[in-house]
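S.K.:
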Amino acid sequence: MVLIIGSQASGKREYAMSLGYAECDMADAVLDERPVLYNLQDMVARAPECAPALLEALLEKQAVICNEVGSGIIPVNARDRSSREQTGRLCVLLAQRAERVVRLVCGIPMVIK
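So the sequence shown is numbered by our numbering: it starts at 21 and just counts up by one.
(1) If I follow the unbroken alpha helix (DSSP H) through A36, where does it start and stop?
(2) Quick one: what's got a C-beta closer than 6 angstroms to L57's C-beta in the same chain, skipping five residues either side?
(3) With DSSP collapsed to three states, give me the class of A47.
(4) Would you identify the three-state DSSP class for M130, choosing helix, strand or coil?
(5) Quick one: give me the first and last residue of the beta strand (DSSP E) that G26 is part of.
(6) In three-state DSSP terms, what is V96?
(7) Quick one: Cα of C55 to Cα of C44, how far?
(8) When you compare each of I94, E88 and I93 to S30 by their alpha carbons, which one comes out closest?
(9) Are three or more beta carbon pairs between the stretch 102-109 and the stretch 63-76 nearer than 8 angstroms?
(10) Have a look at R101, R99 and L78 and flag the residue whose alpha-carbon is nearest the alpha-carbon of A118.
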């Protein structure tokens with residue numbers, strides 16, 4: 021599995037497409053049969069308390085794309101803080117078990133694992 025992270029609109033989906041995936045291969049924040057999941061942070065936001073249960077299913081994907089959510093102003097809303105924390109914790113677990121981790125900045129990929 022390849023974990024692709026980066027800020028909003030940093031070129032994460034375009035990078036996944038450069039790996040040979042098409043739009044039809046990408047599931048938007050839903051677990052289904054498609055090989056790529058993007059917007060992981062949105063999936064976690066729906067039920068932050070369930071984030072750890074997603075790990076095994078995500079490891080079966082060929083690629084997982086997630087916005088970096090740990091920077092910036094800490095949300096005032098407790099649910100938003102929990103979502104942000106659980107997304108980060110899940111990304112740590114994914115990164116530990118991923119074959120490769122790529123961070124995109126301004127469309128430039130940096131392989132960090």
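For each residue, glycine too, the CB sits at the ideal point set by N, CA and C.
M.R.: In this structure, then:
(1) Sequence index remark: in the sequence shown, residue 36 carries index 16 (1-based). First-last of the alpha helix (DSSP H) with A36: K32 to S38.
(2) Locating residue 57 in the sequence shown gives position 37, counting from the first residue. So the list reads A47, K81 and V84, once near-sequence residues are dropped.
(3) Walking along the sequence shown from the start, residue 47 turns up at place 27. Note: A47 maps to strand in three-state DSSP.
(4) Taking the first residue of the sequence shown as position 1, residue 130 is located at position 110. Here M130 sits in strand by DSSP.
(5) Taking the sequence shown and counting its residues from 1, one reaches residue 26 at position 6. Segment V22 to G26, the beta strand (DSSP E) holding G26.
(6) In the sequence shown, residue 96 corresponds to position 76, counting from 1. In the displayed model, V96 falls within coil according to three-state DSSP, outside both helix and strand.
(7) Locating residue 55 in the sequence shown gives position 35, counting from the first residue. Locating residue 44 in the sequence shown gives position 24, counting from the first residue. One detail in the question is off: residue 55 reads as Pro in this sequence, not Cys. Going by the C-alpha atoms only, they are around 10 angstroms apart.
(8) Taking the first residue of the sequence shown as position 1, residue 30 is located at position 10. Of the candidates I94, E88 and I93, the one whose C-alpha sits nearest the C-alpha of S30 is E88.
(9) yes
(10) To locate residue 118, count along the sequence shown from 1; it is residue 98. That would be L78, whose Cα lies nearest to the Cα of A118.
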